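> This is the structure I have questions about; it appears just below.
2 protein chains.
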Amino acid sequence: MTTQSFQRRYKRLRRLVDHRLMSLVRTDDSRDLSEGCRYVLSAGGKRVRAVLVLLSSEAVGGTTANALHAAAAAEVMHNFTLVHDDIMDHASSRRGRPTVHVKWNVNYALLVGDVLLGLAYRSLLSTRSDHLRRMVGLFTSGLHEVCEGQALDLRYEQDRRVTLDQYFAMIEKKTARLFSMSTELGGLAGGGTPQHVSALRTFGHYLGRAFQVQDDLLDIVAEQQQFGKRIGGDIVEGKKTFLLLSALERARGREKEALQRIMSRRHRAGKGTVARIAGIYTQTGAIDAARTHIQRDTQKAATALDTLPRNSATAMLHWFSGYLLTRVS
Amino acid sequence: MTTQSFQRRYKRLRRLVDHRLMSLVRTDDSRDLSEGCRYVLSAGGKRVRAVLVLLSSEAVGGTTANALHAAAAAEVMHNFTLVHDDIMDHASSRRGRPTVHVKWNVNYALLVGDVLLGLAYRSLLSTRSDHLRRMVGLFTSGLHEVCEGQALDLRYEQDRRVTLDQYFAMIEKKTARLFSMSTELGGLAGGGTPQHVSALRTFGHYLGRAFQVQDDLLDIVAEQQQFGKRIGGDIVEGKKTFLLLSALERARGREKEALQRIMSRRHRAGKGTVARIAGIYTQTGAIDAARTHIQRDTQKAATALDTLPRNSATAMLHWFSGYLLTRVS
Numbered sequence: 094m095t096t097q098s099f100q101r102r103y104k105r106l107r108r109l110v111d112h113r114l115m116s117l118v119r120t121d122d123s124r125d126l127s128e129g130c131r132y133v134l135s136a137g138g139k140r141v142r143a144v145l146v147l148l149s150s151e152a153v154g155g156t157t158a159n160a161l162h163a164a165a166a167a168e169v170m171h172n173f174t175l176v177h178d179d180i181m182d183h184a185s186s187r188r189g190r191p192t193v194h195v196k197w198n199v200n201y202a203l204l205v206g207d208v209l210l211g212l213a214y215r216s217l218l219s220t221r222s223d224h225l226r227r228m229v230g231l232f233t234s235g236l237h238e239v240c241e242g243q244a245l246d247l248r249y250e251q252d253r254r255v256t257l258d259q260y261f262a263m264i265e266k267k268t269a270r271l272f273s274m275s276t277e278l279g280g281l282a283g284g285g286t287p288q289h290v291s292a293l294r295t296f297g298h299y300l301g302r303a304f305q306v307q308d309d310l311l312d313i314v315a316e317q318q319q320f321g322k323r324i325g326g327d328i329v330e331g332k333k334t335f336l337l338l339s340a341l342e343r344a345r346g347r348e349k350e351a352l353q354r355i356m357s358r359r360h361r362a363g364k365g366t367v368a369r370i371a372g373i374y375t376q377t378g379a380i381d382a383a384r385t386h387i388q389r390d391t392q393k394a395a396t397a398l399d400t401l402p403r404n405s406a407t408a409m410l411h412w413f414s415g416y417l418l419t420r421v422s
Numbered sequence: 094m095t096t097q098s099f100q101r102r103y104k105r106l107r108r109l110v111d112h113r114l115m116s117l118v119r120t121d122d123s124r125d126l127s128e129g130c131r132y133v134l135s136a137g138g139k140r141v142r143a144v145l146v147l148l149s150s151e152a153v154g155g156t157t158a159n160a161l162h163a164a165a166a167a168e169v170m171h172n173f174t175l176v177h178d179d180i181m182d183h184a185s186s187r188r189g190r191p192t193v194h195v196k197w198n199v200n201y202a203l204l205v206g207d208v209l210l211g212l213a214y215r216s217l218l219s220t221r222s223d224h225l226r227r228m229v230g231l232f233t234s235g236l237h238e239v240c241e242g243q244a245l246d247l248r249y250e251q252d253r254r255v256t257l258d259q260y261f262a263m264i265e266k267k268t269a270r271l272f273s274m275s276t277e278l279g280g281l282a283g284g285g286t287p288q289h290v291s292a293l294r295t296f297g298h299y300l301g302r303a304f305q306v307q308d309d310l311l312d313i314v315a316e317q318q319q320f321g322k323r324i325g326g327d328i329v330e331g332k333k334t335f336l337l338l339s340a341l342e343r344a345r346g347r348e349k350e351a352l353q354r355i356m357s358r359r360h361r362a363g364k365g366t367v368a369r370i371a372g373i374y375t376q377t378g379a380i381d382a383a384r385t386h387i388q389r390d391t392q393k394a395a396t397a398l399d400t401l402p403r404n405s406a407t408a409m410l411h412w413f414s415g416y417l418l419t420r421v422s
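If you're matching them up, the sequences are chains A and B in order. Mapped onto our numbering, the consecutive letters of the first sequence carry residue numbers 94 to 422. Mapped onto our numbering, the consecutive letters of the second sequence carry residue numbers 94 to 422.
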């Protein structure tokens, strides 16, 4: 298949997901929270987690129609975490629009998040599967891990001695878990063998890790418009990214001090500081280290995929990994 | 059976629930959120919802051991709503202890609430039942309704024209739904017939309505120590209770104006005001109206119970209704 046909198919799957998400939110106007839910779910986005569910299911022989319930569930759970995380991070905008707590208020956003979780479970329960109990269990353990990951993230914000190992433990819960949950859910919805489901989980895990390190990298190297975020935003906020922690392990003298000031989050870094820190990331080799990590995890993800049947869905999963992990250019 | 034997059995069931709740929270200390979950779930309380699940299951022939999973799930969901509601209401204490967002912080409380919901689903999924899909669906729709009820409650806070009908619509979502969800879950876990499950749902619905009106009444007539809350707290906060809305419909002239000032929540009422408003509640007949409502709903709940098999569990449900609804004395 050609890049173009992959892209067309991706667009089609995304449209399916968007449509399903809208139909999930009941149209009954008396429901106070449905407006907020619609606002969140209509914001678009890459629908990565939903597409992973759909392709994983198809890779093991399942139908898109049946996997769509679990796909929407994974996507809604992701959006639930965004709404609550935005409250916690005091984020004012997402995908170019005001966040829910800014557009309405914190209490409303809190409830919209809660009810989104209900919507997610409701969607998941529509799946026809002999493994439904296991799927709901998997979904619930995904919820746990994501909350624990966010709790770690909040704790690390106050901590000046976070290590790269701790970083990986955190992103494995906060990001990679929803990826591997999505691929595993797809495998289960599609009726895959235990070996295939396990391979899909491994694929999702490494793809999720690579995706997060890539996200950290994009904060520095992305073109602002393409990425939709301000360059250096993580530096301004003193976020414990792969780049910061990796550079800290490598830097000495004044450079190390400059990085430690970012870690301590006592001042918000200005434009000059962002440029200086980005320079240190390059000089210390942190940028290269991030790229190496992404390549290594992408390779592990691909190896896991290779144990699955060769079909158009697994081919598309290969393409999709590449698409997600070359978002730089 | 005697009152004493009912009380002994209630104590035994409560202990079972407490124990199960503690074993639900994993003991793994690396989990940041488990401390908060343990704090919430160890606070005790009447465990009304869990006991309703257990007795409903037994009423239709189920075992306590199997219903305990759903019982804990209902109780954890209730506690999830308390943690998030306390954030929204800026409540500083609950059951005589600091609320989670006061003891830790708002972000932590938000995550503890989220993860409690995960714990609730996890517990529910351990139930052995042919109706598990329906039980999880019921649980999810309970979550929806409770969130919608809280959204209504928040909206009514800003609204000076709330009617008694709106009040009942709100408490049916916010309070009665979790009661009827609990009795229905118990019926399903116990393998009851559709007729029995439906009767249990009706029982829970009316019991929940009566319970909430009783709660409003206790704000005025309870002995402070027994109830564990400050008398007149609802008046101080300008809460739209049955008493306030009922008195407003009945009052004229200066009394009506005094009630409207409470409704508008522009000033926090002092001690003298509380006494005056309580007096208006009595004079307008709002107190009597509340008692009439409680009696009528209690009667409807009892009538629903009478269609169930006569056994020690249904006898205990009768006793439990009376126990909950005579908390005044």
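Backbone N, C-alpha and C fix where the C-beta goes; we use that ideal spot for every residue, glycine too. Since the model is a prediction, treat every value here as computed from it, not as a measurement.
(1) Using three-state DSSP, classify P287 (chain A) as helix, strand or coil.
(2) For H237 (chain B), count the other beta carbons within 10 Å of its own beta carbon; 16 or more makes it buried, fewer makes it exposed. Which is it?
(3) Using a C-beta to C-beta distance shorter than 7 Å, which residues of chain A count as neighbours of Q243 (chain B)?
(4) Using a cut-off of 8 Å between C-beta atoms, extract the partners of C240 (chain B) located in chain A.
(5) Could you tell me how far apart the beta carbons of L336 (chain A) and I264 (chain A) are, in whole angstroms, since I believe they sit closer than 8 Å?
(6) Curious, which full-length alpha helix (DSSP H) runs of at least 4 residues does the region 302–361 of chain A contain?
(7) Alpha carbon to alpha carbon, how far is T396 (chain A) from F424 (chain B)? Give it in angstroms, no decimals.
(8) Spatial neighbours of Q318 (chain B) within its chain, please: C-beta separation below 6 Å, excluding the five flanking residues on both sides.
(9) Using a C-beta cutoff of 8 Å, does H194 (chain A) count as contacting chain B?
(10) Around the Cβ of T385 (chain B), are there at least 16 other Cβ atoms within 10 angstroms (buried) or fewer (exposed)?
(11) In chain order, what residues of the same chain lie with their CB nearer than 7 Å to the CB of T407 (chain B), ignoring the 5 residues before and after it?
(12) Assuming contact is defined by CB atoms lying nearer than 8 Å, are V205 (chain B) and V195 (chain B) in contact in what I supplied?
(13) Quick one: which residues of the region 151–171 of chain A get their C-beta closer than 9 Å to a C-beta of chain B? List them in chain order.
(14) Taking C-alpha atoms, which residue in B:G415, B:R347, B:S186, B:G297 lies nearest to R270 (chain B)?
(15) Using a Cβ-Cβ cut-off of 8 Å (strictly less than) and excluding sequence neighbours within five positions of D178 (chain B), which residues of its own chain qualify?
(16) Taking just the CA atoms, how far does A143 (chain A) sit from S339 (chain B)?
(17) Which residue from B:T174, B:F272, B:L225 puts its Cα closest to that of L145 (chain B)?
(18) List the residues of chain A whose Cβ lies closer than 8 Å to the Cβ of R113 (chain B), in chain order.
(19) Which first and last residues belong to the alpha helix (DSSP H) in which H194 (chain A) is found?
(20) Determine, using beta carbons only, whether Y260 (chain B) comes closer than 8 Å to chain A.
(21) I need the straight-line Cα distance from K349 (chain B) to L341 (chain B), nearest angstrom please.
(22) Closer than 9 Å between beta carbons: that is the criterion. Which residues of the region 362–379 of chain A meet it against chain B?
(23) Cutting at 7 Å between CB atoms, please list the residues of its own chain near V113 (chain B), excluding the five before and the five after it.
(24) Determine the contact status of I355 (chain A) and I328 (chain A), defining contact as a CB-CB distance below 8 Å.
(25) Where do the N-terminal and C-terminal ends of the alpha helix (DSSP H) with K393 (chain A) fall, by residue?
(26) Assuming V239 (chain A) contacts T174 (chain A) under a Cβ cut-off of 8 Å, what Cβ separation, rounded to an integer in Å, is found between them?
(27) With a CB to CB cut of under 7 Å and the five nearest residues on each side skipped, what residues in its chain are close to S422 (chain A)?
(28) If we count Cβ pairs, one from each stretch, closer than 8 Å, do we get three or more for the region 200–219 of chain A versus the region 251–259 of chain A?
(29) Less than 7 Å between C-beta atoms, sequence neighbours within five positions excluded: which residues of the same chain meet that for I180 (chain A)?
(30) What are the residues in the region 172–188 of chain B lying within 7 Å of chain A by C-beta distance?
(31) Helix or strand or just coil, what does DSSP make of S185 (chain A)?
(32) Since V153 (chain B) is in the alpha helix (DSSP H), which residue starts that stretch and which ends it?
(33) With a threshold of 16 other CB atoms inside 10 Å of the CB of M228 (chain A), please say whether the residue is buried or exposed.
Walking through what the data contain:
(1) helix
(2) buried
(3) L204
(4) L126, L204, D207, V208, G211
(5) L336 (chain A) to I264 (chain A), Cβ: 13 Å. No contact.
(6) 317–320, 326–330, 335–343, 346–357
(7) Since the displayed chain B opens at 94 and closes at 422, residue 424 (chain B) lies outside it and no answer follows.
(8) The predicted position of Q318 (chain B) is uncertain, since its pLDDT is 49 and thus under 50; a value taken from the coordinates is nonetheless stated next. Cβ within range, chain order: n/a, list empty.
(9) no
(10) exposed
(11) A152, L398, L401
(12) no
(13) none
(14) B:G297
(15) A184, Q243
(16) 49 Å
(17) B:F272
(18) Here the premise fails: no neighbours, minimum Cβ distance about 17 Å.
(19) 193–196
(20) no
(21) 6 Å
(22) none
(23) The residue you asked about is not Val; residue 113 (chain B) is Arg in the sequence shown. Excluding positions up to five away in sequence, the list reads L161, A165.
(24) yes
(25) 379–398
(26) 5 Å
(27) Low per-residue confidence applies at S422 (chain A): pLDDT is 35, beneath 50, and the placement is therefore not dependable enough to give any value.
(28) no
(29) H194, V199, A202, L203
(30) H177, I180, M181
(31) coil
(32) Segment: none, V153 (chain B) is in no alpha helix (DSSP H) and carries neither H nor E.
(33) buried
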